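Structure first, then comments.
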Amino acid sequence: MVTIRPMTIQDYDEVFAMWQITTKRALSSADEKSQIERYLKRNEGLSQVAVVDGKIVGTVLAGHDGRRGFIHHMAVLPEFRRRHIGHALAEKAIEKITGEGIEKTHIFCYQNNETGQQFWKDFGFEKRDDVFVFSYQS
647 MVTIRPMTIQ DYDEVFAMWQ ITTKRALSSA DEKSQIERYL KRNEGLSQVA VVDGKIVGTV
707 LAGHDGRRGF IHHMAVLPEF RRRHIGHALA EKAIEKITGE GIEKTHIFCY QNNETGQQFW
767 KDFGFEKRDD VFVFSYQS
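Each residue of the sequence shown is one higher than the one before, starting from 647 at the first, in the numbering used here.
Put into structure tokens, the structure is as follows:
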């Protein structure tokens, strides 16, 4: 049985180990424990983990800036995929974001991540061709 519950900083080591398998190419210094702790505090209760028999098998970081929601690092361990765990995580994250009064949520998905793109399309997200993402790092 899968349990979806809010992510806490106590989950960090297990979640980070999972990200090493599932989302390693997307990891940066922003994913260090202190940064994730700050994110979880700022967006309390929005990020979720999926747990099976006491083991974290999926995660989604979710938050907002006051007007738009954002989903990051949505991941499920390979051996637990195709069981609707990802869908349950995304659904819970969006429910929590919507509960904060946010009507639109964005996800960043790599261009070469065809599986991820199809997942989000099937979920109901629409791919935008009218914007580019520009990043600045200090």
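Built from N, CA and C at the ideal position, the CB exists for glycine as well. Note that the structure is predicted; figures quoted are calculated from it, not measured.
- Query: Are at least three pairs of beta-carbons, each pair with one atom in the segment 755 to 763 and one in the segment 699 to 714, less than 8 angstroms apart?
  - Reply: No, the segment 755 to 763 does not touch the segment 699 to 714.
- When DSSP labels each residue in this structure, what does ARG651 get in the three-state scheme? Translated into the one-based positions of the sequence shown, residue 651 becomes position 5. In the structure shown, the three-state DSSP call for ARG651 is strand.
- Query: CB ILE650 to CB LEU707, shorter than 8 angstroms?
  - Reply: In the sequence shown, residue 650 corresponds to position 4, counting from 1. In the sequence shown, residue 707 corresponds to position 61, counting from 1. It is not a contact, given that the beta carbons lie outside the stated cut-off.
- Query: Since LEU707 sits in a beta bridge, which residues does DSSP pair it with?
  - Reply: Translated into positions along the sequence shown, residue 707 becomes position 61. In the DSSP output, where bridge partners are listed per residue, LEU707 has HIS718.
- Starting from the C-beta of SER781, find all residues in its chain whose C-beta is less than 8 angstroms away, skip the five residues before and the five after it, and write them out in chain order. In the sequence shown, the residue the question calls residue 781 occupies position 135. Within the same chain, SER781 has no close Cβ partners at all.
- Straight-line gap, ARG688 to GLN694 (C-alpha atoms, nearest Å): In the sequence shown, the residue the question calls residue 688 occupies position 42. In the sequence shown, the residue the question calls residue 694 occupies position 48. Cα to Cα, ARG688 sits roughly 14 angstroms from GLN694.
- Task: For MET647, count neighbouring C-beta atoms within 10 Å of its own C-beta (all shown protein chains included) and say buried if the count is 16 or more, exposed if not.
- Result: Translated into positions along the sequence shown, residue 647 becomes position 1. So MET647 counts as exposed.
- Range covered by the beta strand (DSSP E) that runs through THR751: If you number the sequence shown from 1, residue 751 lands on position 105. Looking at the DSSP string, the run of the beta strand (DSSP E) that includes THR751 is 751 to 753.
- Item | Nearest neighbour of GLY704, chosen from GLY691, ILE682, ILE667, ALA672 [CA to CA] | To locate residue 704, count along the sequence shown from 1; it is residue 58. It is ILE667 whose Cα lies nearest to the Cα of GLY704.
- Query: Taking GLY709 as the reference, which of LYS742, HIS730, GLU725, ASP775 has the closest Cα?
  - Reply: Residue numbering aside, residue 709 sits at position 63 when the sequence shown is read from its first letter. For GLY709, the nearest C-alpha among the options comes from LYS742.
- Could you check what DSSP says for ILE748 in three-state terms: helix, strand or coil? For the purposes of this step, residue 748 is taken as the residue at position 102 of the sequence shown. The three-state secondary structure of ILE748, taken from DSSP, is coil.
- Task: Determine, using beta carbons only, whether HIS719 and THR654 come nearer to each other than 8 angstroms.
- Result: Walking along the sequence shown from the start, residue 719 turns up at place 73. Walking along the sequence shown from the start, residue 654 turns up at place 8. No, the Cβ-Cβ distance between HIS719 and THR654 is not below 8 angstroms.
- Message: Strictly by DSSP, which residues pair up with LYS773?
- Response: Locating residue 773 in the sequence shown gives position 127, counting from the first residue. Partner(s): none; LYS773 has no beta bridge.
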